[in-house]
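A.B. asks: Quick one: the structure is below, questions incoming.
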Amino acid sequence: MNLKKYLVRALHRLQKGPGYTYKELLVWYCDNTNTHGPKRIIKEGPKKKLIWFFLTLLFASLVFWQWGILINTYLSYNVTSSLSIGFKTMKFPAVTVCNANPFKYSEVKHLLEELDRLLEAALERILQPTPGNGSENVSPPLNLQLWNQIPLVLIDEHNKDHPIILDIFETNQTAEGNRTAAGNETEEKKYKLAVKLCSHQGSANCTYRNFTSAAQAVTEWYILQSTSILSKVPLHEKIRMGYQAEDMILACLYGAEPCNYKNFTQIYHPDHGNCYIFNWGMDEEALNSSNPGAEFGLKLILDISQQDYIPYLSSAAGARLMLHQQKSFPFLKDQGIYAMAGTETSIGVLVDELERMGYPYSDCTMNGSDVPVKNLYSQYNTSYSIQACLRSCFQNHMVEICGCGHYMFPLPEGVNYCNNEDNPGWAYCYSSLRSSIKQRQICIDSCKETCNDTQYKMTISMADWPSEASEDWIFHILSYERDMSTNVTLDRNGIIKLNIYFQEYNYRTISESAATTIVWLLSSLGGQFGFWMGGSVLCLIEFGEIIIDSLWITIINMISWCKGLKQRRARARYPDTPPTVSELVEAHTNLGFQHDGALPRDQALPPEPGTPPPNYDSLRVQPLDILSPDSDAE
Amino acid sequence: PGVTMSHCLPCRYSAMKEYLSELDKETKKALETFYGFSDGKSKVRRSVDKWNSTGGDFFQQIPLLKVEDFSRTATDLHSGQKRKIEGSVFHKDSSIVNSGDSNDIIGFQLCDANNSSECALYTFSSGVNAIQEWYKLHYMNIMAQIPLETKEKLSYSADDLLLTCFFDGLSCDKRHFTRFHHPLHGNCYTFNSGENGTILSTSTGGSEYGLQVVLYIDEADYNPFLVTSTGAKIIVHDQNEYPFIEDIGTEIETAAATSIGMHFTRSRKLSKPYSDCTETGADIPVENLYNKSYSLQICLHSCFQKAMVDSCGCAQYAQPLPAGAEYCNYKKNPNWMYCYYRLHEKFVKEQLGCQQICKDACSFKEWALTTSIAQWPSTVSEDWMLRVLSWDKGQKLNKKLNKTDLANLMVFYKDLNERFISENPANTLVILLSNFGGQLGLWMSCSVVCVIEIVEVFFIDSLSIVMRRQWQKAKKWWNDRKGAGSGKPPQASPVERQGHDNPICIDEDLPTFNTALRLPLPQDSPLPRTPPPNYSTLRLETAFTEQLPDTLELSQH
């Protein structure tokens, strides 16, 4: 019912037309607004009117310009960082220690034996290319199946445009070998070693991975081959083949409390075999450290037994260690550091805590749940990190494209690691995927950083350990404790001492806060508007009202004009336009004019048909205007 | 992000021998006379002993002296005679050493060539420092006379230095390295200098994706007096920064794998008026002698070099040449060393004004390095590694490589997080104005318009009133005088009245109150016109009766 009434009234309004003109509306607005400028425009004499008009215009444009700056500042979502430095009781970081070498050579020898023999023979051929020198004493026949899957080739670059590719174990090698020797004597080395990667065995779709250095080529080739072999070994077997905690961690002291290898959590890391994490915080509470200085830190003595290294796999010897947050996965290749054998390495720790604001201030994620990459490291119960995301992303791509997972990264469900038998083209696939910039970019774009981040700044210093004078008794005691034997089974090449402790000022917190808030924005906007024009939100509403009113006038005028056009067409015979009635009603009903008692209704009346009132009106008003002050004064 | 690094080694000693043999012989002689040291089975002294014939040229230039402090006499090495020292004695480390009890302080004397009585004696607490410093001076003298091309040829080439190179999973070679010649360190090689237009970038952190190189460092080829430590030096810097290798280089050990994890920080300061820093260095009155972007270090070195050229007439060897100058050597400028030492001392004591002229750069990049060392090659892999690397090196090298000749270096980003520290102004003009506005509005509900109104009323308007009064008074006074002169009585009152309230006089100039108040007046007076109410009501009603059923019908439809 109400709606109907409302509609009827609206229709009437439409038919009656507006009760006032634009000019009247504007004058009324200027007279009644709370903004400071416009009132002066209408109430001053003509000269000042002009000045005030321009002043108001200037101020209004200043306000809009400054508003633009302020809103722009707000929308850039700047942050301010505050930094605090000091000392407090802190959680001691989780410490991961690994051997640089993943497996004991004595344990994996049966798996890698053929590969090693092959490589030795190949090296023999490369290094002594003259026939009949080295090849005779290779008595057991070589298993060339491994070789044929991923061969190493020699590229002869004497002729730049037509490099000759020589397979090292080809039968016609002898003739080539002679030439090689001759070439080497006369001029500089022009041979390069390369790894030949084919998408299928025997297919023509092959690439050669070039290396400037033979050492690099051999290492890469060996890594490819050994991953293929080791990927078939089940996990528990791999753990058995690696270094055991009781062999590796000889002594441990945290603050004044003794600890031993049982305090370490074992984790299998594909790069480094068995790794041991102190204070990971998975099962028990994380340890706190309330004192700075080496006396109150963690002291470890490790044995890396360098004699048992796999000779071709890792050429650097030492322990790999890393400090990281509790419940996070250690990415040793990224953030790990080496500790050298036969030295004491002291690591002073300074903790950098970063607290970032999330969206829209910066693009970071709280726990990784909003990242479109399946985190494969969640199977270790570890928290999200950008490294985990990048690696998971790569592994997912690898599974998608190559059909099998890479040995260095965790597996998604239902997928196997790549090996030469099941996936003959995996090395080709992997190397093309790894060098593809597109794939990397996709991963970088989809992975986000974590909002709360902890970085450990390390000050590393080293000294020789044990000293010559103390060497004897230290080795004696440690050997006895480990093996219960009186023979010294340790030497300088395997033993490492580590001190990890907090520095004097142990934390540095960098936290972000929004530089501009909505409150700041509003108060600045209000300040600007108030400063130039004395305005407020109410003034804006007034202005909006005026705009609506003028729109309303326009609509009504349009409708009446259309109607007039129709009527004129209909009653073409009448020369005059009929008087519009609706305008008269408007004069009564329009609220805008109601309160203004000074304005009589009849003034708003439309001109009578036929008589031209405007002239008449203006004629009468103007003399009165000038005369009236006169009469007042007298 | 691109990374640049330089591996620096001094010039090849064996190639430099012909230039330095004289100097070495004299140095050895000095060692023998002072310390009784002689290396009988010397591998360095290969040429026949004939130092008597050459006559100790170097000691005449700068005599090495053994000083007996208390008596202030010195033993001249060459002539063996004792003599009194005139002039001032400078201890190189005067603040630390207590020289009273040791009677064998060694040093060298520098004299002003024009005025031989003005000498300065530089003493050192240890002969090691003295001999090195003394050697360096002569070395610079000799090197300054050799043209740059010869020196570059004599130094290590990239092929000699690099055994393997691996970047971001791909093999790299000497083409990725750019040579630049450092005056004291010889040839240095910059990886990824961006000189051929492309800057390599890495998109993943971690050691596999960084730069891995094996360097060949021939220990036997080192100059025994100039450089006493083995290894290489590395510096990580931006492509358009000059590598000050002797100032901020990191040492690399041989027979070890050095892994350097980097963390990148970029900082930007606000320039004037917030802080006193320079954006491009263009506003600093020191010419940039280096062909690289501005830094404080560059400015200080250039400033010193300029002062050197101004006061000594030649340029110091360790820094680039300004236009129109040439390097000092004692054939042409016998005076330069004395001059240099004097100037250097002034520079260190901040008397040259360089520290005042040079400003910080507003933006700078910084790489925080975490260096750790592992043994390399491991005992079990040593054998094959050395064999293969020897093969790599090729037949040119006749001997088998030793592991102390090699250094393995890995440089990589720990993570690709970039830390960016920038300054923002705490207050801008916009914020100042809006705070003004906020306060004015809060306490007075006032704006600039108010202020203008106040100015208008209290200054312009009241001034105009006063002026008008004065004008009227003057007019009156004039009229009075005129009237007195003509004998007519003044008719003052109507004129005065008119001054205030005459509507013609007022017109627009005094509008604020009157006109504003009188504006609605004309509306108040009823206009004589036809009485419309009746007329309109009549029409109105008809309008309603006419229209209402229509609309109702319409809405019913």
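Residue numbers (the UniProt record's numbering), protein chains in the order written: chain A, 1 to 634; chain B, 1 to 557. Every residue, glycine too, gets a C-beta built ideally from N, C-alpha and C.
1) Restricting to Cα atoms, I'd like to know which of B:C450, B:S462, B:V466 is closest to A:L55.
2) Would you grab the beta carbon distance between A:Y361 and A:V79 for me? Rounded to a whole angstrom, and I think it's under 8 Å.
3) Examine chain A for any beta-carbon lying closer than 8 Å to the beta-carbon of B:G205, and answer yes or no.
4) Tell me the start and end of each unbroken beta strand (DSSP E) in the segment 484-526 of chain A that is at least 3 residues and wholly inside, in chain order.
5) Looking at chain B, is there any beta carbon in it that lies within less than 8 Å of the beta carbon of A:D334?
6) Once you ignore the five residues that flank B:V213 on each side, which residues in its own chain have a CB closer than 7 Å to its CB?
7) For the beta strand (DSSP E) holding A:A217, just list the boundary residues, first then last.
8) Buried or exposed, going by whether 16 or more other CB atoms sit within 10 Å of the CB of A:T365?
9) Does the distance from the CB of A:M340 to the CB of A:M462 come in under 8 Å?
10) Using a Cβ-Cβ distance under 8 Å, would A:T130 count as near chain B?
11) Please list, in chain order, the chain B residues whose beta carbon lies closer than 9 Å to that of A:I444.
12) Report the residue ranges of all beta strand (DSSP E) runs contained in full by the segment 253-283 of chain A; include only those spanning at least 3 residues, in chain order.
13) Can the beta-carbon of B:Y242 be found less than 8 Å from the beta-carbon of B:Y290?
14) So the candidates are A:D370, A:R434, A:S385; which of them puts its Cα closest to the Cα of A:V399?
15) Is the beta carbon of B:K233 closer than 8 Å to that of B:I252?
16) Any contact between the segment 230-250 of chain A and the segment 262-269 of chain A? By contact I mean 3 or more CB pairs, one from each, below 8 Å.
17) Between the segment 253-282 of chain B and chain A, which residues of the former have a C-beta closer than 9 Å to a C-beta of the latter?
18) Ignoring anything shorter than 3 residues or poking outside the segment 299-364 of chain A, list the beta strand (DSSP E) runs there in chain order.
19) Can you look up B:A232 in the DSSP assignment and give me helix, strand or coil?
20) Beta carbon of B:E195: closer than 7 Å to some heavy atom of the ligand NAD?
21) Could you tell me the distance, in whole angstroms, from the CA atom of A:K5 to the CA atom of A:L11?
22) Cutting at 6 Å between CB atoms, please list the residues of its own chain near A:E504, excluding the five before and the five after it.
23) At a Cβ threshold of 8 Å, is A:Q216 touching chain B?
24) State buried or exposed for B:E26, treating a residue as buried only when at least 16 other CB atoms are found within 10 Å of its CB.
25) Between A:N210 and chain B, is the shortest Cβ-Cβ distance under 8 Å, so that the two count as touching?
26) Please report whether the beta-carbon of A:L70 lies at a distance below 8 Å from any beta-carbon of chain B.
27) So, for A:K333: in the same chain, excluding its five sequence neighbours on each side, which residues have a beta-carbon less than 8 Å away from its beta-carbon?
28) Go ahead and pull the three-state DSSP assignment for A:Y20.
29) Can you tell me whether B:G197 is buried or exposed, with buried defined as 16 or more other CB within 10 angstroms of its CB?
30) Could you tell me which of A:N423, A:Q335, A:S328 sits nearest to A:Q379, measuring between CA atoms?
31) Taking all protein chains shown into account, do 16 or more other C-beta atoms lie within 10 angstroms of the C-beta of B:L429, making it buried, or fewer, making it exposed?
32) Measuring CA to CA, which of A:D352, A:A215, A:K49, A:W67 is closest to A:S82?
33) Excluding the 5 residues preceding and the 5 following A:T227 in the sequence, name in chain order all residues of the same chain whose CB lies nearer than 7 Å to its CB.
34) CB-CB under 6 Å to B:Y535, same chain, minus the five flanking residues each way: which ones, in chain order?
35) Output the distance between the C-alpha atoms of A:M87 and A:S314, rounded to the nearest integer angstrom.
36) Which residues in the same chain as A:A175 place their Cβ atom closer than 8 Å to its Cβ, once the five residues preceding and following it in sequence are excluded?
C.D. replies: Checking against the coordinates, here is how it stands:
1) The sequence position of residue 55 of chain A within the first sequence is 55, counting from 1. Comparing Cα-Cα distances from A:L55 to each of B:C450, B:S462, B:V466, the minimum goes to B:C450.
2) If you number the first sequence from 1, residue 361 of chain A lands on position 361. If you number the first sequence from 1, residue 79 of chain A lands on position 79. Correct: roughly 5 Å between the Cβ atoms.
3) Position 205 of the second sequence holds residue 205 of chain B. With 8 Å as the cut-off, B:G205 counts as an interface residue toward chain A.
4) 495-514
5) Mapped onto the first sequence, residue 334 of chain A falls at position 334. It does: the Cβ of A:D334 has a partner Cβ on chain B nearer than 8 Å.
6) Counted from its first residue, the second sequence places residue 213 of chain B at position 213. Same-chain partners within the cutoff: L162, T164, C165, L409.
7) Indexing the first sequence from 1 puts residue 217 of chain A at position 217. Run containing A:A217: none in the beta strand (DSSP E); it sits in the alpha helix (DSSP H), 214-230.
8) The residue you call residue 365 of chain A lines up with position 365 of the first sequence. Buried, because 16 or more other Cβ atoms sit within 10 Å of the Cβ of A:T365.
9) Within the first sequence, numbered from 1, the residue matching residue 340 of chain A stands at position 340. Within the first sequence, numbered from 1, the residue matching residue 462 of chain A stands at position 462. The answer is yes: Cβ separation under 8 Å.
10) Within the first sequence, residue 130 of chain A is the residue found at index 130, counting from 1. Only weak support exists for where A:T130 lies, its pLDDT of 47 falling under 50; the coordinates are left without a value.
11) Against the first sequence, residue 444 of chain A aligns to sequence position 444. Neighbours of A:I444 on chain B, chain order: S203, T204, L416.
12) Entirely contained in the segment 253-283 of chain A, the beta strand (DSSP E) runs reaching 3 residues are, in chain order, 257-259, 264-269, 273-278.
13) Locating residue 242 of chain B in the second sequence gives position 242, where the first residue counts as 1. Locating residue 290 of chain B in the second sequence gives position 290, where the first residue counts as 1. Against a cut-off of 8 Å, the Cβ pair of B:Y290 and B:Y242 comes out as a contact.
14) Taking the first residue of the first sequence as position 1, residue 399 of chain A is located at position 399. Cα-wise, what sits closest to A:V399 is A:R434.
15) Along the second sequence, read from residue 1 onward, the residue named residue 252 of chain B stands at position 252. Along the second sequence, read from residue 1 onward, the residue named residue 233 of chain B stands at position 233. Yes. Within cutoff.
16) yes
17) So the close ones are A256, A257, T258, S259, G261, H263.
18) 319-324, 337-339, 343-355
19) Position 232 of the second sequence holds residue 232 of chain B. Looking at B:A232 - three-state DSSP - the assignment turns out to be strand.
20) Ligands are entirely absent from the displayed structure, and the ligand NAD is therefore not among its contents.
21) Residue 5 of chain A sits at position 5 when you count from the first residue of the first sequence. Residue 11 of chain A sits at position 11 when you count from the first residue of the first sequence. Each residue's CA atom was taken as its position, placing A:K5 and A:L11 some 10 Å apart.
22) Translated into the one-based positions of the first sequence, residue 504 of chain A becomes position 504. Contacts found: P292.
23) For the purposes of this step, residue 216 of chain A is identified with residue 216 of the first sequence, where counting begins at 1. Yes - at least one Cβ of chain B is within 8 Å of the one on A:Q216.
24) As a position in the second sequence, residue 26 of chain B is number 26, starting the count at 1. With 16 or more Cβ atoms within 10 Å of its Cβ, B:E26 is classed as buried.
25) As a working mapping, residue 210 of chain A is identified with position 210 in the first sequence. Chain B contact via Cβ: present.
26) As a first step, residue 70 of chain A is located in the first sequence; it is residue number 70 there, counting from the start. True, the Cβ-Cβ gap to chain B drops below 8 Å.
27) For the purposes of this step, residue 333 of chain A is identified with residue 333 of the first sequence, where counting begins at 1. Within the same chain, and ignoring the five residues on either side of A:K333 in sequence, the residues whose Cβ sits closer than 8 Å to its Cβ are D271.
28) Residue 20 of chain A sits at position 20 when you count from the first residue of the first sequence. Coil.
29) In the second sequence, the residue the question calls residue 197 of chain B occupies position 197. Exposed: under 16 other Cβ atoms inside 10 Å.
30) Here residue 379 of chain A refers to the residue found at position 379 of the first sequence. Ranking A:N423, A:Q335, A:S328 by Cα distance to A:Q379 puts A:S328 first.
31) The residue given as residue 429 of chain B occupies position 429 in the second sequence. So B:L429 counts as exposed.
32) The residue given as residue 82 of chain A occupies position 82 in the first sequence. The residue with the shortest Cα to Cα distance from A:S82 is A:D352.
33) As a working mapping, residue 227 of chain A is identified with position 227 in the first sequence. Around A:T227: Y407.
34) By one-based count along the second sequence, residue 535 of chain B stands at place 535. With a pLDDT of 48 at B:Y535, under the threshold of 50, the predicted position of this residue should be treated as unreliable, though the coordinate-derived value follows. Excluding sequence neighbours, B:Y535 sits near nothing in its chain.
35) The residue labelled residue 87 of chain A in the question sits at position 87 within the first sequence. The residue labelled residue 314 of chain A in the question sits at position 314 within the first sequence. It should be noted that the sequence gives Phe, not Met, for residue 87 of chain A. Their Cα atoms are separated by approximately 40 Å.
36) In the first sequence, residue 175 of chain A corresponds to position 175, counting from 1. In this prediction, A:A175 scores a pLDDT of 36, lower than 50, which makes its location untrustworthy; no coordinate-derived value is stated.
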